[in-house]
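Heads up, the thing below is written out as structure tokens.
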Amino acid sequence: ADRNPGQPEFLQAVTEVMESLWPFIEKHPKYAEHGLLDRLVEPERVVMFRVSWVDDHGQVQVNRGYRIQHSMAIGPYKGGMRFHPSVTLSVLKFLAFEQTFKNALTTLPMGGGKGGSDFDPKGKSPGEVMRFCQAFVSELFRHVGSDTDVPAGDIGVGGREVGYMAGMMKKLTNRADCVFTGKGLSFGGSLMRPEATGYGTVYFADEMLKTRGRSFDGLRVSVSGSGNVAQYAVEKAMSLGAKVITVSDSSGTVIDMDGFTTDKLAILMEVKNHLYGRVSDYAERTGSRFEAGVRPWHIPVDVALPCATQNELDANDAAVLIRNGVLCVAEGANMPTTIEAAKAFEAAGVLYAPGKASNAGGVATSGLEMSQNAERLSWPGEEVDARLLQIMKGIHAACLKYGTGADGRVSYVDGANIAGFVKVADAMLAQGVI
Ligand code: NDP
């Protein structure tokens, strides 16, 4: 904490990982040698830079840009870019740290990174968003590359923003390398990448439910968020027969006890992806119930899928979900559950998966996009989806392998942390003190 003052999210992520790793490291002391743990919690490189751009009124705006290059131990730095006013060094360091283990879990050769800016895309014109993205890349371009660091999207960075950044990257480097994933299909993107994180989260939750002899069919599901991850989590849960009864954003929650339908989801996607509106606009258009300033967790459900942002589900929310009989909580977002809430779920015997396991489908499919770019081919959507499903099943199996205790209880937190750690740590030990 002395080394990282004012970085609560980073310290929270490191604490969570170290608490679950410690018993394993005590049994395998080689992992405490060669300064391994000290090196692992220190990003290899942090780049912070000024982004100046001109708004529609001719005023100069200044934002701060970041790229955290956490670990290259098993492959090029890889992780998304987040544009949101809540972005700080602490938030991006936590995300880059987590990303390192997540990427290891996918079994693909990707290191860990994360970046972004405190730029708020809400209320900005399309021209402003493009000029910001171009200004951002005019500095970022010298720090990334297809074998160095391959960014992608995250909160506030979707296909449109990735397109603008990839375009500027080409202009500055005169190269058509794959330096971003999440690209449009017409310039090197992969089929299924937009769907991958939400679908992958549901595939993972389905594997968890199977361990209790259950499936999504007929279950009530609450989803938080209404962005990329949330939308495709809703779609896949519905297709497996679940009744999805909530979505949300930072303004409040939509509650639909009849459950989402394909038609309602199409309206939500239109409102969020094309009109850049709020879930309250969706509620107005469909006549659904909207609760302002409220999160979805008070609604009784069998499965909860937090898909919005960090620390959006706290100990009080967990207590309510547990009282209401929740069976399974799988994170589509990164660290949406506080440490206390996660511990409460595990203590109550709820199936609980941390994002580094359950939402790894997004980056896994980014890895598949990199492979397709490298061989200059594009695979059919069914092939990418089948690989995604296999990767999610593989991560689930790794969690069971490393997370099953002597009493037979499974901790997905321990399983994911240990499985990801072992791969990164072995690679670091083999490559010497660097
Ligand atoms: P989007 O920008 O598409 O959607 C984000 C959603 O979260 C929006 O509904 C947004 O609401 C809500 N949200 C953001 N910040 C807050 C906040 N402070 N309080 C309440 N709600 C908030 O992002 P994604 O769907 O891509 O990302 C969602 C989560 O999933 C993030 O944690 C991200 O790191 C994680 N993730 C994403 C992956 C991907 O492939 N996209 C991969 C793996 C993880 P509002 O519009 O009101 O801000």
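All residue numbers for the sequence shown refer to the UniProt record's numbering, where the first residue is 14 and numbers rise by one. Even for Gly, the Cβ is constructed at its ideal location relative to N, Cα and C. Every value quoted in this text rests on a predicted model; they were computed, and no experiment measured them.
If you check the C-beta of L108 against ligand 1, you find a heavy atom less than 8 Å away. In terms of Cα proximity to S261, the closest of A411, L278 and N76 is L278. Between V426 and M123 the beta-carbon gap is near 22 Å, outside 8 Å, which marks them as no contact. By the C-beta criterion, the region 361-373 is judged to be in contact with the region 113-127, since at least 3 inter-stretch pairs fall below 8 Å.
Counted as a single uninterrupted DSSP element, the stretch harbouring V342 is not any alpha helix (DSSP H) but the beta strand (DSSP E) occupying residues C341 to A343. Put simply, the region 177-187 does not touch the region 211-226. Fewer than three CB pairs are less than 8 Å apart. Residue environment analysis places V339 among the buried positions, since at least 16 neighbouring C-beta atoms fall within 10 angstroms of its C-beta.
In this structure, the CA atom of E29 is about 12 Å from the CA atom of P21. Contact between Y295 and V307 fails: their C-beta atoms lie close to 15 Å from each other, not under 8 Å. The DSSP-derived three-state label of P164 is strand. In the structure shown, F193 falls within a coil segment according to DSSP collapsed to helix, strand and coil. DSSP places H83 inside the beta strand (DSSP E), whose first and last residues are V73 to S84. Fewer than three pairs of CB atoms, one per stretch, sit closer than 8 Å, so the region 229-239 makes no contact with the region 187-206. As the crow flies, the alpha-carbon of S65 is around 7 Å from that of A148. Judged by beta-carbon spacing, I268 lies within the 9 Å limit of E304, meaning their Cβ atoms are closer than that value. Around the beta carbon of M270, fewer than 16 other beta carbons sit within 10 angstroms, so the residue counts as exposed.
With a cutoff of 9 Å on beta-carbon distance, L49 and Y79 are scored as not near each other.
When the beta-carbon positions are compared, A165 and K91 come within less than 9 Å of each other.
The Cβ-Cβ distance between E220 and K406 falls below 9 Å.
For P122, there is no enclosing beta strand (DSSP E), as DSSP marks it with neither H nor E. When rounded, the separation of the alpha-carbon atoms in A343 and S237 is 11 Å.
Between P89 and T161, the C-beta spacing is below 9 Å. Beta-bridge analysis with DSSP links I268 to T259 and R302. Take the alpha-carbon of Q323 and the one of F37: they are about 27 Å apart. Annotation for Q323 indicates a beta carbon within 8 Å of some heavy atom of ligand 1.
Where G93 is concerned, the enclosing beta strand (DSSP E) starts and stops at Y90 to F96. According to the DSSP assignment, V234 belongs to the beta strand (DSSP E) that extends over R233 to S237. Taking the Cα of V423 as reference, the smallest distance to any Cα among N337, R400 and F358 is reached at F358.
Set against 8 Å, the gap from the CB of K256 to the closest heavy atom of ligand 1 is not smaller.
The beta carbons of R144 and V67 sit about 7 Å from each other, so the pair counts as a contact at 8 Å. Using a cutoff of 8 Å, the CB of D167 counts as near ligand 1, since one of the ligand's heavy atoms is closer than that. For R63, the uninterrupted beta strand (DSSP E) segment begins and ends at R58 to V67. I168 sits buried, since 16 or more C-beta atoms from the chains shown fall within 10 Å of its C-beta. Bounds of any alpha helix (DSSP H) do not take in L390, whose DSSP letter is neither H nor E. In this model, T210 and P319 are separated by some 12 Å (Cα to Cα).
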